[in-house]
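Shown next, in structure tokens, is the structure this report addresses.
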Amino acid sequence: MPGARPRGSLPRMSPAAPNGARVPAFVRALRWILYALLLVAAVLTLAGLPELQRAVAAGHWPRATLALPPALVAVFIAGYATYRFALVRAGRYPAGKALVQLGLMVLMVAVIGGIALERGQGIPDAPVDLARALASADPDARAMAAELARHRPREVSERLVPALVELAADPAPEVRRQARASLAALAGEDAGGDGPDAPERWRAFWRARGLIPR
Numbered sequence: 001m002p003g004a005r006p007r008g009s010l011p012r013m014s015p016a017a018p019n020g021a022r023v024p025a026f027v028r029a030l031r032w033i034l035y036a037l038l039l040v041a042a043v044l045t046l047a048g049l050p051e052l053q054r055a056v057a058a059g060h061w062p063r064a065t066l067a068l069p070p071a072l073v074a075v076f077i078a079g080y081a082t083y084r085f086a087l088v089r090a091g092r093y094p095a096g097k098a099l100v101q102l103g104l105m106v107l108m109v110a111v112i113g114g115i116a117l118e119r120g121q122g123i124p125d126a127p128v129d130l131a132r133a134l135a136s137a138d139p140d141a142r143a144m145a146a147e148l149a150r151h152r153p154r155e156v157s158e159r160l161v162p163a164l165v166e167l168a169a170d171p172a173p174e175v176r177r178q179a180r181a182s183l184a185a186l187a188g189e190d191a192g193g194d195g196p197d198a199p200e201r202w203r204a205f206w207r208a209r210g211l212i213p214r
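Each step along the sequence shown adds one to the number in the UniProt record's numbering, with nothing skipped, and position 214 is 214.
Rendered as structure tokens:
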């Protein structure tokens, strides 16, 4: 008969049926928001992450800044999950496929976060060996090393005391001045002063404190 449904065929699902419900308007709007968020997250991750890593390694930004690109991707995934599950509930998208996609996205966030945090640690700079610089043939290098000695951690500076005492009689005036300043900073007083006998006075001072052997 005309218009009769062929035997064995299934009726078409109505858009208003429970398994084919109309997609809410906010879900359709969310799709465009997700596109924009994905674009921002991709640009920040691919182009901004290396720059953030360099800034964090140099100490210009706190290490927590590296969490920004993975956080944006995580926000995108949360919105994407809302969008996909709304389609699943409306019967417009397979649930299994949506779960697989979300699982892959969560894995992607974990990978991005791991790369960001690992590279953000940077390679620690090895401190310059001041003991070698203090013995340099270049008076400028000796003066600079003598100046830097008082800015190192105290346990490091104290190991340089014998070399600084010797530089208190250096031929270069700037080397003598910096050595004296560093020794005075470590001692808390200018116990050696200046002049030809300054090294001996400093030697006696530090020998009494156990930093120079008797």
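All C-beta atoms in this analysis are idealised placements derived from N, C-alpha and C, irrespective of residue type, glycine included.
- Three-pair Cβ contact test at 8 Å for the segment 92-110 versus the segment 57-66: no
- Query: Which stretch, first to last residue, makes up the alpha helix (DSSP H) that contains Arg-180?
  - Reply: Walking along the sequence shown from the start, residue 180 turns up at place 180. Residues 173-187.
- What separation, rounded to the nearest whole angstrom, lies between the Cα atoms of Leu-38 and Arg-89? By one-based count along the sequence shown, residue 38 stands at place 38. By one-based count along the sequence shown, residue 89 stands at place 89. CA-CA distance, Leu-38 to Arg-89, rounds to 24 Å.
- Give a single yes or no on whether Pro-171 has its beta carbon closer than 7 Å to a heavy atom of the ligand FAD. Among the ligands in the structure shown, none appear at all, so the ligand FAD cannot be discussed.
- Item | Rounded C-alpha distance that separates Arg-92 from Ala-71 | As a first step, residue 92 must be located in the sequence shown, where it is residue number 92. As a first step, residue 71 must be located in the sequence shown, where it is residue number 71. Rounded to the nearest angstrom, the two C-alpha atoms are 29 Å apart.
- Query: What residue range is occupied by the uninterrupted alpha helix (DSSP H) comprising Gly-79?
  - Reply: Position 79 of the sequence shown, counting from 1, holds the residue named residue 79. In this chain, the alpha helix (DSSP H) harbouring Gly-79 covers 68-89.
- Task: Could you tell me if Ser-136 is buried or exposed, where buried requires 16 or more neighbouring beta carbons within 10 angstroms of its beta carbon?
- Result: Locating residue 136 in the sequence shown gives position 136, where the first residue counts as 1. Exposed, because fewer than 16 other Cβ atoms sit within 10 Å of the Cβ of Ser-136.
- Task: Run the CB neighbour count on Pro-69, radius 10 Å, all protein chains shown included, and call it buried at 16 or more, exposed below.
- Result: Taking the first residue of the sequence shown as position 1, residue 69 is located at position 69. Buried, because 16 or more other Cβ atoms sit within 10 Å of the Cβ of Pro-69.
- Task: Starting from the C-beta of Leu-186, find all residues in its chain whose C-beta is less than 6 Å away, skip the five residues before and the five after it, and write them out in chain order.
- Result: For the purposes of this step, residue 186 is identified with residue 186 of the sequence shown, where counting begins at 1. Taken in chain order, the residues that qualify are Ser-157.
- Query: Just how far apart, CA to CA, sit Ala-95 and Ile-77?
  - Reply: Your numbering for residue 95 matches position 95 in the sequence shown. Your numbering for residue 77 matches position 77 in the sequence shown. For Ala-95 and Ile-77, the distance between alpha carbons rounds to 16 Å.
- Which residue from Val-111, Leu-107 and Leu-164 puts its Cα closest to that of Ala-131? Numbered from its first residue, the sequence shown carries residue 131 at position 131. Taking only the C-alpha atoms, the option nearest Ala-131 is Leu-164.
- To which residues of the same chain is Ala-179 closer than 6 Å at the C-beta, ignoring the five residues directly before and after it? Locating residue 179 in the sequence shown gives position 179, counting from the first residue. Cβ neighbours of Ala-179 beyond the five flanking positions: Ala-146, Leu-164, Leu-167 and Ala-168.
- How should Asp-129 be labelled, buried or exposed, when 16 other C-beta atoms within 10 angstroms of its C-beta is the threshold for buried? Mapped onto the sequence shown, residue 129 falls at position 129. Exposed, since its Cβ has fewer than 16 Cβ neighbours within 10 Å.
- Own chain partners of Leu-211 with C-beta closer than 7 Å, once the 5 adjacent residues on each side are dropped: Within the sequence shown, numbered from 1, the residue matching residue 211 stands at position 211. Cβ neighbours of Leu-211 beyond the five flanking positions: Glu-158 and Val-161.
- Using only alpha-carbon positions, find the residue among Pro-196, Ala-181 and Val-73 that is nearest to Glu-189. Numbered from 1 along the sequence shown, position 189 holds the residue referred to as residue 189. When each option's Cα is compared against that of Glu-189, the closest is Ala-181.
- Mind checking which residues open and close the alpha helix (DSSP H) that includes Val-56? Translated into positions along the sequence shown, residue 56 becomes position 56. Run containing Val-56: 49-57, per the alpha helix (DSSP H) assignment.
- Can you say whether Leu-46 is buried or exposed, counting buried as having 16 or more other CB atoms within 10 angstroms of its CB? For this step, residue 46 is matched to residue 46 along the sequence shown. That one is exposed.
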